[in-house]
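Sequence order for the protein chains is W and L. Mind the numbering: the first sequence is residues -18 to 217 in my numbering, read in order. Mind the numbering: the second sequence is residues 2 to 255 in my numbering, read in order. Glycine included, each C-beta is placed from N, C-alpha and C at the ideal position. Here's the structure we're looking at; comments come further down.
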Amino acid sequence: MIETINISKRFGRLQALNNISLSLNKGECIALIGPNGCGKTTLIKSILGMVLPDAGDIIFDGKNIKGDNLYRSHIGYMPQIGRYPENMSIGQIIDLIRYIRNSNEPLDSDLYEQFKISSMTDKKMRTLSGGTIQKISATLAFMFNPKVLILDEPTAGLDPIASEMLKEKIIAARESGKLILITSHLLSELEEIVNGIIFMQDGMVKLHSSTEELKKKTGQETISKSIIQLLKNEQV
Amino acid sequence: MRILKYVSLDILKNKIVIAYAVMLALFSWSAFGLEDNASKGLLTVLNIILLTVPLMSVLFATIYVYNSNEFIELLVSHPIKRSIIWRALFAGLSLSFVAAFILGAGIPILLFADFETALMMIIASSFLSVIFVAIAFLSNIITRDKAKGIGISILLWLYFALLFDGLVLFLFFQFADYPIEKFVVLLSALSPVDLCRILILLRLDVSAMFGYTGAVFKDYFGTDGGLILSFLLLSLWIIIPYMISIIKFRKRDL
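Laid out in structure tokens, this is it:
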């Protein structure tokens, strides 16, 4: 579904992405992990066309995304830190995105209702707390039934109840055969959600496998333990 | 179109553009009211316009585009062309400033000056507004740093509104013994502010004050061909900075 072929990106002296080749398919729910500044967000932004790679190609559903923007109607994106125009109200933002997406398909309003957003549509974005902004981002990402979900630190800043609602929503999306890409620092959070792992370091993919394989290989029961085991082995 | 609506509404809600229109109205009405003949009043208004219109357009537009970063970020992950976002911002800012000028200064000018002169003044000033909005877009694309961007905008304004005149005057005095009139005509095309000034002054028939140079100006800019050429040059002053900015914006990492 999404294929990256040898993509590289350099920001000044920092090699953010170094020759990354990946193939991501339907029904996969992948945790994108790695230390700070390893290129996770750059990879995500490259797939979204927000960052243009210096070299390499990104193929979405068999088509190169270069110069295209329509493929983004199949992607729901939840940014790490949602930044919204301060003077716009929640209602206006949702309205604007609906207009741009121009979709005739029924909207997925589960999160809209669960997060009780209808009760605060008139609130201006600048008055909202970080958690509420995350709720808006999550709602927008799921609203248009996209085939692909890209979630950058989805549960950071959410209260436990909202976080649980979002997790259930992600699992439901996985069951329905969507491709989901999640970055997170909290491996324990992802334990029951993901079925694949991509580990990045210094702009390179160090590991890409399913969770089953990973656990079998390292002989550990949880993903976090497996990863730690793997890192230890490498240092030795 | 919907994006343009949001941008325009947001600019109007900002109230600065409204204050700008009110200020222009106050200046123009009082200038026409205080001077005993319309021509003198027009000259006063012209001087005010040539100073304030570029300054307001370039400063407000620069800051506005920097503050629109969030708006741009919100939209780029959705299926929409980047050029549409940029164009909506540009159109929203340009329209707001042209509208503010026409409502503020345009009405008194139309009432007090003869129709053709008034029309020339309104068109030239509208061009000036849009030109400096385009220059603001250029500063935005040159640097990501807001303070630097605003600095570049102010420097460009200083250059076009004040320094350029000084430069031309300096050349005039230094080379007074040589026939450099034609060269000065050429030079004035390099500053949109001067181009507008000449276009309007020629309509006011005060070009006689410039002596021989005024006559040369009249020869070049007073004709129909000169007029068309001048507006062509003014259009280039919009198109070139804007095109550079949009080409760069399409390739920018967000």
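query                                                                                                                           : result
Straight-line Cα distance separating A148 (chain L) from L120 (chain L)                                                         : 37 Å
Nearest-angstrom beta carbon gap, L75 (chain L) and V8 (chain L) [assumed within contact, 8 Å]                                  : Incorrect: roughly 13 Å between the Cβ atoms, too far for contact.
G8 (chain W) - DSSP class collapsed to helix/strand/coil                                                                        : coil
Residue environment, Y58 (chain W), which counts as buried when at least 16 other CB atoms sit within 10 Å                      : buried
Min CB distance M31 (chain W) to chain L below 7 Å                                                                              : yes
Alpha carbon of L51 (chain W) to alpha carbon of S84 (chain L), nearest angstrom                                                : 14 Å
Spatial distance of L1 (chain L) from I108 (chain L) (CA atoms)                                                                 : Absent from the structure is residue 1 (chain L), since the part of chain L shown begins at 2 and ends at 255.
E9 (chain W) vs L160 (chain W) beta-carbon contact at 7 Å                                                                       : yes
Those runs of the alpha helix (DSSP H) which lie wholly inside the stretch 38 to 118 of chain W and span at least 4 residues    : 71 to 82, 91 to 95
Alpha-carbon to alpha-carbon, T144 (chain L) and F33 (chain L)                                                                  : 42 Å
Members of the stretch 70 to 97 of chain W near chain L, C-beta cut-off 9 Å                                                     : Q73, I74, D76, L77, I78, Y80, I81, R82, N83
For L188 (chain W), the residue or residues it bridges with in DSSP                                                             : W:F180
Local conformation of Q201 (chain W) per DSSP, three classes                                                                    : coil
Neighbour-count burial assignment, L139 (chain L), 16 or more Cβ in a 10 Å radius                                               : buried
Within the stretch 60 to 132 of chain L, ranges of the beta strand (DSSP E) (whole runs, at least 3 residues)                   : none
Given I136 (chain L) as reference, the closest of L:T45, L:F174, L:W238, L:F171 once Cα atoms are compared                      : L:W238
Of the residues W:E202, W:T22, W:E94, W:I179, the one placed nearest M124 (chain W), counting alpha carbons only                : W:E94
7 Å Cβ cut-off: residues of chain W touching I81 (chain L)                                                                      : N50, I81
Chain-ordered neighbours of P66 (chain W) on chain L, where CB pairs are closer than 9 Å                                        : Y7, D11, N68, S69, E71, F72, L75
Residues of its chain near S192 (chain L), where Cβ-Cβ distance is below 6 Å and the 5 sequence neighbours each way are ignored : F161, F165
Stretch pair the stretch 149 to 158 of chain L + the stretch 32 to 47 of chain L: three plus CB contacts closer than 8 Å        : no
Residues near I4 (chain L) by beta carbon distance below 6 Å, same chain, minus five either side                                : A89
Own chain, CB closer than 6 Å to A(-3) (chain W), minus 5 neighbours either side, in chain order                                : K(-10), G20, T23, G184
Chain-ordered neighbours of R3 (chain L) on chain W, where CB pairs are closer than 9 Å                                         : D76, L77, Y80, I81
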